[in-house]
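Numbering (the numbering used here), first residue to last: 31 to 424.
We put the CB at the ideal spot given by N, CA and C, even for glycine.
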Amino acid sequence: MGGGIIGLSIAWRAVQTGRSVRLIDSAPAQGATHAAAGMLAPVSEYHHQEHALLPAMRESAARYPGFVQALAPIDGATGYLRTETLLVGVDHGDRQTLADLHAAHRRAELAVEPLTTREARTREPLLGPRVTSAYRVPGDHQIDPRMLAAQLIGGLANAAGRGRNVGVLREQAVSLLHHDTSDYDSRVVGVRLADGTTLGAAEVVLANGVGAGTIDGLPEGLELPLRPVYGDILRLRVPGRFRPLLTTTVRALVHGESVYLVPRADGTLVVGATQREDGMDAVSAGGVHRLLRDAQEVLPVVTELTLVEATARARPGTPDNAPLLGRVRGRDGDTIPGLVVATGFFRHGVLLAPLAADIALGLIDDRTDQRWDAFRPDRFTRTRAGLPAERTHR
């Protein structure tokens, strides 16, 4: 259930094992995946208190080359690029914040190299004169989520074309079905669609973003505290005379505000992203203004590019900003069979997709990995098996 980058990746990996798969989504890859910039940046995304996420982000980034090679052996088919990342700042406060972050990088033994502004401009000549500090992050790369999603959907279609029992249903699932219809802690045996159709399944993967928390038929008392975090993101066309505009992804602090600029191989530049919890699912005029203003501080030539798209989508956030990934326990403390939860990836969905797919497939195969217990989806539930909720520390 759910055809964003997480659901698609899990479905494709399941198909690779020979399973019959139905992916259910009324508009696959048109949610957060459609807007995402696709930075594979475990180091740049590292924040001081998100310690539980760092091992998962690094592990998933390391799996990306094999993941895309198995999906699309032709180079460039997924937009996967090993381009580096530059972290830059424009004023004294930004310089200090980046210095503090670099100290955290060193403590975590993450590869980050301080650069002089001259060295930074040698790498990226179009950086503006206001850039006063810079760091090189060699291991942070990028992928084009729209191209990746298209390849995943194509992989499912190809399997169906070869006679496999695989399909994409452009419908909406509204409820989980249980073996015992009076006991929502009993085995999950399928789903009900909005039109009343029921589909049986040996396993149901709940990967429909924010909607996972409100689906009917969730186990009794299970809390999936998901909230929509909206983000505005822009795409600009780079005229030929300015290409290549950038050879690296640039992530900047501009007077304390974050902005990133991601160059695409097709001659576009992705600029993002705001972070709003105002409930407004349309593009924010103020957000567009701030992104262009801050991007111009970093790269003045931005004013000479063509704005071709402004997009806003909701990312599924959780109280600790970590995903809800795994099986859940019933009132008796036993794991409820037939259900895997995979949602709440917030801003890390694209980065964590290969790892999430492997974890989900492992659970379906009755294999567990205790390294990822911190992401257990019932960790916020107040009363399951008489135990208090276990909160993941950021």
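#### Entry: Selected residue, minimal CA-CA separation from residue 204, among 67, 341, 238
Position 174 of the sequence shown holds residue 204. Here the closest residue by C-alpha is 238.
### Query
Less than 8 Å between the CB of residue 161 and some heavy atom of the ligand MN, yes or no?
Absence of the ligand MN is noted for the structure shown, with no ligands found whatsoever.
### Message
At the level of alpha carbons, what is the spacing between residue 407 and residue 49?
### Response
Along the sequence shown, one-based indexing puts residue 407 at 377. Along the sequence shown, one-based indexing puts residue 49 at 19. Between residue 407 and residue 49, the C-alpha separation is close to 24 Å.
### Task
Compare the Cα-Cα distances from residue 277 to each of 221, 292, 57 and report the closest residue.
The residue you call residue 277 lines up with position 247 of the sequence shown. The shortest C-alpha separation from residue 277 is found at 292.
### Between the CA atoms of residue 267 and residue 297 - distance to the nearest angstrom
Taking the sequence shown and counting its residues from 1, the one referred to as residue 297 is at position 267. Taking the sequence shown and counting its residues from 1, the one referred to as residue 267 is at position 237. Near 6 Å, if we compare the C-alpha coordinates of residue 267 and residue 297.
### Nearest residue (CA-CA) to residue 109, options 70, 151, 44
Start at 1 with the first residue of the sequence shown, and residue 109 comes out as number 79. The shortest C-alpha separation from residue 109 is found at 70.
### Task
Determine the extent of the beta strand (DSSP E) in which residue 339 is found, giving its start and end residues.
Here residue 339 refers to the residue found at position 309 of the sequence shown. Where residue 339 is concerned, the enclosing beta strand (DSSP E) stretches over 336–347.
### Message
By alpha-carbon positions, which one of 328, 389, 334 ends up nearest to residue 271?
### Response
Within the sequence shown, residue 271 is the residue found at index 241, counting from 1. Measuring from the Cα of residue 271, the nearest candidate turns out to be 334.
#### Entry: For residue 414, three-class secondary structure by DSSP
Counted from its first residue, the sequence shown places residue 414 at position 384. Confidence in residue 414 is poor, its pLDDT being 47 and thus under 50, which makes the residue's placement too unreliable to answer from.
#### Entry: Per-residue burial, residue 72 [other beta carbons within 10 Å of its own, 16 or more giving buried]
Residue numbering aside, residue 72 sits at position 42 when the sequence shown is read from its first letter. With 16 or more Cβ atoms within 10 Å of its Cβ, residue 72 is classed as buried.
### Query
If you count every other CB in all the chains shown that lies within 10 Å of the CB of residue 337, and 16 or more means buried, which is it?
Locating residue 337 in the sequence shown gives position 307, counting from the first residue. That one is exposed.
### Message
Classify residue 351: buried if its beta carbon has 16 or more other beta carbons within 10 angstroms, exposed otherwise.
### Response
Numbered from its first residue, the sequence shown carries residue 351 at position 321. Buried.
### Message
With a threshold of 7 Å on Cβ separation, who are the neighbours of residue 126 within its own chain once the five nearest residues in sequence on each side are excluded?
### Response
Residue mapping note: residue 126 aligns to position 96 of the sequence shown, counting from 1. Excluding residues within five positions, none has a Cβ falling inside 7 Å.
### Task
Measuring alpha carbon to alpha carbon, tell me which of 193, 134, 375, 37 ends up nearest residue 74.
For the purposes of this step, residue 74 is taken as residue 44 along the sequence shown, with counting starting at 1. Comparing Cα positions, the closest option is 134.
#### Entry: Whole-angstrom distance between residue 310 and residue 354, CA atom to CA atom
The count along the sequence shown starts at 1 and reaches residue 354 at position 324. The count along the sequence shown starts at 1 and reaches residue 310 at position 280. Cα to Cα, residue 354 sits roughly 24 Å from residue 310.
#### Entry: Unbroken alpha helix (DSSP H) run spanning residue 185, endpoints
Numbered from 1 along the sequence shown, position 155 holds the residue referred to as residue 185. Note, residue 185: alpha helix (DSSP H), 175–191.
### Task
Kindly list the residues whose CB is nearer than 6 Å to the CB of residue 178, restricted to its own chain and excluding five residues on each side of it in sequence; keep chain order.
Sequence index remark: in the sequence shown, residue 178 carries index 148 (1-based). Within the same chain, residue 178 has close Cβ partners 108.
### Query
Quick one: Cα of residue 420 to Cα of residue 404, how far?
Position 390 of the sequence shown holds residue 420. Position 374 of the sequence shown holds residue 404. Low local confidence applies: a pLDDT of 49 at residue 420 is under 50, so the model's placement there is unreliable, with the coordinate-based value given in what follows. Spanning the two alpha carbons is a distance of roughly 9 Å.
### Query
In angstroms, rounded to a whole number, what distance separates the CA positions of residue 145 and residue 123?
Counting from 1 along the sequence shown, the entry for residue 145 is found at position 115. Counting from 1 along the sequence shown, the entry for residue 123 is found at position 93. About 17 Å.
### Limits of the unbroken alpha helix (DSSP H) element including residue 379
As a first step, residue 379 must be located in the sequence shown, where it is residue number 349. Start and end: 379–394.
### Task
Take residue 379 as the anchor and find which of 327, 149, 240 has the nearest alpha-carbon.
On the sequence shown, position 349 is the one that residue 379 refers to. When only C-alpha atoms are compared, the closest one is 240.
### Query
For the beta strand (DSSP E) that contains residue 142, what are its first and last residues?
Taking the sequence shown and counting its residues from 1, one reaches residue 142 at position 112. Residue 142 -> no beta strand (DSSP E), and no H or E assigned at all.
### Message
Please return the same chain residues whose Cβ sits closer than 6 Å to the Cβ of residue 174, not counting the five positions on each side in sequence.
### Response
Against the sequence shown, residue 174 aligns to sequence position 144. Only 68, 109 meet the Cβ criterion.
### Task
Taking residue 85 as part of the alpha helix (DSSP H), name the residues at either end of that continuous run.
If you number the sequence shown from 1, residue 85 lands on position 55. From DSSP, the alpha helix (DSSP H) with residue 85 extends over 83–101.
### Task
Have a look at residue 164 and residue 219 and give me their C-alpha separation to the nearest angstrom.
As a position in the sequence shown, residue 164 is number 134, starting the count at 1. As a position in the sequence shown, residue 219 is number 189, starting the count at 1. Each residue's alpha carbon lies about 53 Å from the other.
### Task
List the residues that DSSP assigns as beta-bridge partners of residue 288.
Translated into positions along the sequence shown, residue 288 becomes position 258. For residue 288, which the question treats as bridged, DSSP gives the partners 283.
### Message
Pop quiz: residue 259 and residue 347 are said to be a contact at Cβ under 8 Å. What is the actual Cβ separation, rounded to whole angstroms?
### Response
Residue numbering aside, residue 259 sits at position 229 when the sequence shown is read from its first letter. Residue numbering aside, residue 347 sits at position 317 when the sequence shown is read from its first letter. That belief holds up - the Cβ atoms of residue 259 and residue 347 are roughly 4 Å apart, short of 8 Å.
### Limits of the unbroken beta strand (DSSP E) element including residue 73
To locate residue 73, count along the sequence shown from 1; it is residue 43. First-last for residue 73: undefined, no H or E at that position.
### Query
Is residue 363 helix, strand or coil by DSSP?
Taking the sequence shown and counting its residues from 1, the one referred to as residue 363 is at position 333. Correct three-state label for residue 363: coil.
### Task
Apply the 10 Å Cβ neighbour rule to residue 181 and answer buried if 16 or more other Cβ atoms are within range, or exposed otherwise.
Residue numbering aside, residue 181 sits at position 151 when the sequence shown is read from its first letter. With 16 or more Cβ atoms within 10 Å of its Cβ, residue 181 is classed as buried.
#### Entry: As assigned by DSSP and simplified to three states, the class of residue 357
Translated into positions along the sequence shown, residue 357 becomes position 327. Looking at residue 357 - three-state DSSP - the assignment turns out to be coil, as it is neither helix nor strand.
### Message
I'd like the span of the alpha helix (DSSP H) that includes residue 242, first residue to last.
### Response
Translated into the one-based positions of the sequence shown, residue 242 becomes position 212. Premise fails: residue 242 is in no alpha helix (DSSP H) and is neither H nor E.
### Query
So, residue 257 versus residue 307, is the Cβ gap smaller than 9 Å?
Within the sequence shown, residue 257 is the residue found at index 227, counting from 1. Within the sequence shown, residue 307 is the residue found at index 277, counting from 1. Yes; because the gap between Cβ atoms is below 9 Å, this pair is in contact.
#### Entry: Local Cβ density within 10 Å of residue 359, reported as buried at 16 or more and exposed below that
Translated into positions along the sequence shown, residue 359 becomes position 329. Per the 10 Å Cβ criterion, buried.
### Task
Flag residue 406 as yes if its beta-carbon sits less than 9 Å from any beta-carbon of chain C, otherwise no.
Judged by its chain identifiers, the structure shown contains no chain C, having just a single protein chain.
#### Entry: Where the alpha helix (DSSP H) containing residue 399 begins and where it ends
As a first step, residue 399 must be located in the sequence shown, where it is residue number 369. Note, residue 399: premise wrong, no alpha helix (DSSP H); not H, not E.
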